[in-house]
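Residue numbers (this note's numbering): 250 to 543. Structure first, then comments.
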Amino acid sequence: MILCAGEALIDMLPRDTADGPGFYPATGGAVFNTAIALGRLGAPVGLFTGLSDDLFGKRLAEGLAASKVANRAAVSDRPTTLAFVTLTDGHAEYAFYDENTAGRLIAPEDTPDMTGVEALFLGGISLAVEPCARTYEGLALANAHLPIMIDPNIRPGFIRDEATFRARLDRLLAVADVVKLSDEDLAWLGMTAEDILARGVKVLCFTEGAKGVTAITAQGRVSVPAVKVDVVDTVGAGDTFNAGFLAGLHRAGALSKQCPDDDTLRAALTLGAQAAAVTVSRAGANPPWAHELA
Numbered sequence: 250m251i252l253c254a255g256e257a258l259i260d261m262l263p264r265d266t267a268d269g270p271g272f273y274p275a276t277g278g279a280v281f282n283t284a285i286a287l288g289r290l291g292a293p294v295g296l297f298t299g300l301s302d303d304l305f306g307k308r309l310a311e312g313l314a315a316s317k318v319a320n321r322a323a324v325s326d327r328p329t330t331l332a333f334v335t336l337t338d339g340h341a342e343y344a345f346y347d348e349n350t351a352g353r354l355i356a357p358e359d360t361p362d363m364t365g366v367e368a369l370f371l372g373g374i375s376l377a378v379e380p381c382a383r384t385y386e387g388l389a390l391a392n393a394h395l396p397i398m399i400d401p402n403i404r405p406g407f408i409r410d411e412a413t414f415r416a417r418l419d420r421l422l423a424v425a426d427v428v429k430l431s432d433e434d435l436a437w438l439g440m441t442a443e444d445i446l447a448r449g450v451k452v453l454c455f456t457e458g459a460k461g462v463t464a465i466t467a468q469g470r471v472s473v474p475a476v477k478v479d480v481v482d483t484v485g486a487g488d489t490f491n492a493g494f495l496a497g498l499h500r501a502g503a504l505s506k507q508c509p510d511d512d513t514l515r516a517a518l519t520l521g522a523q524a525a526a527v528t529v530s531r532a533g534a535n536p537p538w539a540h541e542l543a
């Protein structure tokens, strides 16, 4: 099983109604989206997160079950995190309401049994806020023997303590095997691809939106173009890419601490790009099922 660890929340998506502008509550969260996409692509996957027992938490749990994701959540009576989304030319910006939520307040004692886990994925806003960030970091450091993929999905407006966040990323990069960063992420970090690899990372998946994605390793670079589609919005695009890439490695039997060969990387990048293209072609984070990519 690939265990995804991080936030599950409700995206409040903008909608026009008969009474004027409004919002539609949709299940989401970067790590939740990645888990959902992995399940739909046929990879064995579970999600460790903090879920509320409120109406929204139950919808999130139902979404996991519907997409064949094992629910490893810690459940509480705290509220669900809400993310209000605004769209500008299809590109999403977020305002998060996360204080004292079920996802925010998970603790180390909530960590699930790791029996049967063969790889770990983490990232998203859960790495930027306490105390959940400490819990997810501890999970990664305690399981550094597993192949680990990280997508920090950096949202500067959500980071309250930049020094702490940067120090945490440094520690996580030291145990990560695959890291996904956008061009904007890398610019914010003030680092180069070489800096990332120097920390021990085997593969940097460097995404550049419509330009495509490149896997950068110590041996060289492998690039695939983005799939051209009519974009409805970009909600969940990067999350779906992550799932496609991991699913591609799983299909090839290449989920390990070793760097995959170029052919394996190209196939995994291609699956990630194809899956992400489907997601951006429809509203919200709605990743494809495997049969939609056949």
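Every residue gets a Cβ at the ideal spot worked out from N, C-alpha and C, and that includes glycine.
For K429, the beta-bridge partners assigned by DSSP are C454.
Contact between G255 and A279 holds, since their C-beta atoms are separated by about 7 Å, short of 8 Å. The Cβ atoms of D444 and I397 do not sit closer than 8 Å to each other. C-alpha of E411 to C-alpha of L421: approximately 15 Å in a straight line.
If you draw a straight line from the Cα of M363 to the Cα of A423, it is about 21 Å long.
If the five residues before and after A393 are omitted, its C-beta is found closer than 7 Å to the C-beta atoms of V424, all from its own chain and listed in chain order. In this structure, the alpha-carbon of L262 lies about 7 Å from that of F333.
Here T298 is buried. Its C-beta has 16 or more other C-beta atoms within 10 Å. If you compare the alpha carbons of L418, V452, G449 and G458 with that of G439, the shortest gap goes to L418. DSSP places P405 in the helix class (H, G or I) of the three-state scheme.
Assignment of I355 by DSSP, reduced to helix, strand and coil, places it in the coil class. Under the three-state reduction of DSSP, N349 is assigned to coil, being neither helix nor strand. Residue environment: V478 is assigned as exposed (fewer than 16 neighbouring CB atoms within 10 Å of its CB, all protein chains considered).
In the three-state reduction of the DSSP assignment, R289 falls in the helix class. Per DSSP, the continuous alpha helix (DSSP H) segment holding C381 begins and ends at C381 to A391. For V529, the enclosing alpha helix (DSSP H) has its first and last residue at D511 to V529. Here V428 is not near L395, since their CB atoms are 8 Å or more apart. Contact between G493 and A532 does not hold, since the beta-carbon distance rounds to 19 Å and is not under 8 Å.
Shortest Cα-Cα distance from E348 to any of D510, T456 and L258 involves L258. With fewer than 16 other Cβ atoms inside 10 Å of its own Cβ, E342 counts as exposed. Runs of the beta strand (DSSP E) lying entirely within the stretch 430-508 and spanning at least 3 residues, in chain order: 452-456, 462-466 and 469-473.
For T413, the enclosing alpha helix (DSSP H) begins and ends at E411 to L422. Looking at A522, D265, G373 and P509, the one whose alpha-carbon comes closest to that of I408 is G373.
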